Amino acid sequence: PNTLKTLGLAELAAQPHWPSAVVAGEAHYADTNPVQFRSPIDGSVIGSFAPAPAGMVKMALEAAHGAYLKWRTVPAPKRGEFVRRIGEKVRERKSELAQVITLEAGKIRAEAEGEVQEWIDICEFAVGLSRQLHGLTIASERQDHRMMEQWHPIGTIGVISAFNFPMAVWAWNAMLALVCGDSVVWKPSEKTPLCALAVQRLIDEVTAEMGDAIPAHLCQLVNGLADVGEAIAASPLVPLVSATGSTRMGRAVAQTVAARLGRSLLELGGNNAMIVAPSADLELAVRAIVFAAAGTAGQRCTTLRRLIVHESVLDTVVSRVQKAYQTLPIGDPRKDGVLIGPLIDSHSFEQMQASLQAVVAQGGKIVCGGERVTEGVPAGGYYVRPAIVSVPGNLPAVCHETFAPILYVMPYSEFQDAVELQNGVPQGLSSAIFTESMKEAELFVSAAGSDCGIANVNIGTSGAEIGGAFGGEKDTGGGRESGSDSWKAYMRRTTNTINYGNALPLAQGIKFDV
Ligand code: UN1
């Protein structure tokens, strides 16, 4: 309750349901059948909201579009000022915001704070960027002509995000979109509506503090179900839809967006692997494996799911990871010292069990873990012991992403086979190699190496910094968010050719005398 008060949510909490949407700064309540949302910590009901119907999406999109029409002419460095102030407020509220993430997504405190830190980091990145949204000047082939590029705001960005990063993924998109001169409509996961409301409240506060310096209502929030995502994807008012979640969801969104020739930016499932070479520093490798495979209870899109180990070190690596797993503190994520919190819900637990059964039926062997933990943890939450499963290669069950801590371990003898195993799944998000061989490391990150968007050497697959472009290939969807030049997705490029001479020469030397 204290946290809700600090976050300015107390009066919303006094209503029978949480808002279905916050549009133009106003909370709206739909009259649809309310859905309850629960804390994964103990399965208790936190609250309920009536899912926003399509009419509310329309209202949100229209408000956002109106704000965009004003925002697009505000100088980009001034837009940066808004994001700078958001970043300052997030810094002040870091621990309260993290508490809401822990409550709704079940992250341990350090990881919840890490997520809020990603939001702070992307604010700082975006503020710098607000003075660097520049295009090229290109030599014209024509006498007395100049050719240049400009990057202009594009419109309203639709953001669809998942439960596992209930604030940071929205922030990667929204903070860039805002400095780029766009407005935002957000459909968060129906499992984390409170995180979204806390974020929205903070944005609304900064908006109010800035008064007339910026247009109101640049960010709208719609708490709804899949049909809200579909309505956003279908709307011609949304030139770019940025969607994070399952490959199935991304495929549906992308097809709807493509049908109207809109753009989508997809960050979908991963099936991330690490190669452990015979020369690897095993001490470091084991620490990286445990954080990447078991951390966040296996619920990051960058979670390590496949371990490809040279046969000469296979037994040593497996027994060291197994040993580390035995002492991993699993439990209430609010408690000091706990490293592994709960799965998001019972459905997630069932999927984990189904994947374990499938892989065993296909020839895999469970080395350890996979079972529900009920002692020393809050009743009602789905806590599991992270599993290690030995497999001969990429069995069918290994080829799909199960959002839970299952680590499939497979052997290799030749380096080239390891690279093929790493690339031999439909997904292509993150990958890593542990090796002391310069040749192997360079090959792994070369054109003929890992086919993923992220390829790391001597660090794990998860926990990327915001400064790099984030995303992956194949079933991961091809999008790039966050750092580097990902901002270009949120703008439209115009090419301008300017004639400052007295003649009208045509390109390609064409003569057309009239
Ligand atoms: C996600 O799981 O959707 O690289 C994002 C990481 C985090 C982001 C994960 N910085 O693990």
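Going by UniProt numbering, the first residue of the sequence shown is number 5, and it counts up by one from there.
Where a beta carbon is used, it is the ideal one built from N, C-alpha and C, also for glycine.
Nothing here was measured: the structure is a model prediction, and the numbers come from that model.
DSSP state of residue i mapped onto helix, strand, coil
i: G12; result: coil
i: R255; result: helix
i: R42; result: strand
i: A436; result: strand
i: Y329; result: helix
i: K478; result: strand
i: E271; result: strand
i: A459; result: strand
i: F295; result: helix
i: G59; result: helix
i: C127; result: helix
i: H32; result: strand
i: Q431; result: strand
i: C403; result: helix
i: I90; result: helix
i: P157; result: strand
i: G162; result: strand
i: L225; result: strand
Neighbourhood of residue i by C-beta distance below 7 Å, restricted to the same chain and skipping five residues each side
i: G12; result: R205 and E209
i: E477; result: G432, D455, C456 and G457
i: Q366; result: L399, P400 and A401
Among the options, the one whose alpha carbon lies nearest that of residue i
i: G481; options: L16, A281 and V257; result: V257
i: G302; options: Q259, R338, P346 and T320; result: P346
i: T498; options: I514, I112 and E153; result: E153
i: S239; options: T260, G368, A436 and F167; result: T260
i: F438; options: Y72, S490 and L288; result: L288
i: R264; options: N275, I279, S250 and L244; result: L244
i: A28; options: A212, M179 and L137; result: A212
i: V189; options: G233, E100 and Q224; result: Q224
i: C305; options: G505, A468 and Y33; result: A468
i: Y416; options: D336, P396 and S434; result: P396
i: L180; options: N168, L8, I158 and F167; result: I158
i: N276; options: I463, P38, Q19 and D517; result: I463
i: V226; options: V325, T196, Q357 and A511; result: T196
i: G51; options: I502, T77, E108 and K191; result: E108
Beta carbon of residue i nearer than 8 Å to that of residue j
i: residue 528; j: Y386; result: Since the first and last residues shown for the chain are 5 and 518, residue 528 lies out of range.
i: C403; j: V429; result: yes
i: V46; j: P382; result: Here residue 46 is Asp; the residue named in the question, Val, does not match the sequence. Cβ atoms of D46 and P382: closer than 8 Å.
i: L272; j: I293; result: no
i: L318; j: V363; result: no
i: F419; j: E194; result: no
i: S144; j: P81; result: no
i: V104; j: C127; result: no
i: P170; j: A130; result: no
i: E100; j: T7; result: yes
i: Q136; j: G505; result: no
i: G162; j: P55; result: no
i: W75; j: G185; result: yes
i: A166; j: T36; result: no
i: T106; j: R338; result: yes
8 Å Cβ shell around residue i - same chain, five flanking residues per side excluded
i: E440; result: A281, S283, A284 and D285
i: G472; result: I458, S486, G487 and S488
i: L360; result: I370, G374, A391, V393 and I410
i: E117; result: K98, S99 and A102
Beta-carbon contacts of residue i that lie in its chain and below 6 Å, excluding the five residues immediately before and after
i: R88; result: V131
task: Could you please go through the chain and list the residues whose beta-carbon is closer than 5 Å to any non-hydrogen atom of ligand 1?
output: F169, R304, C305, T306, S466, G467 and A468
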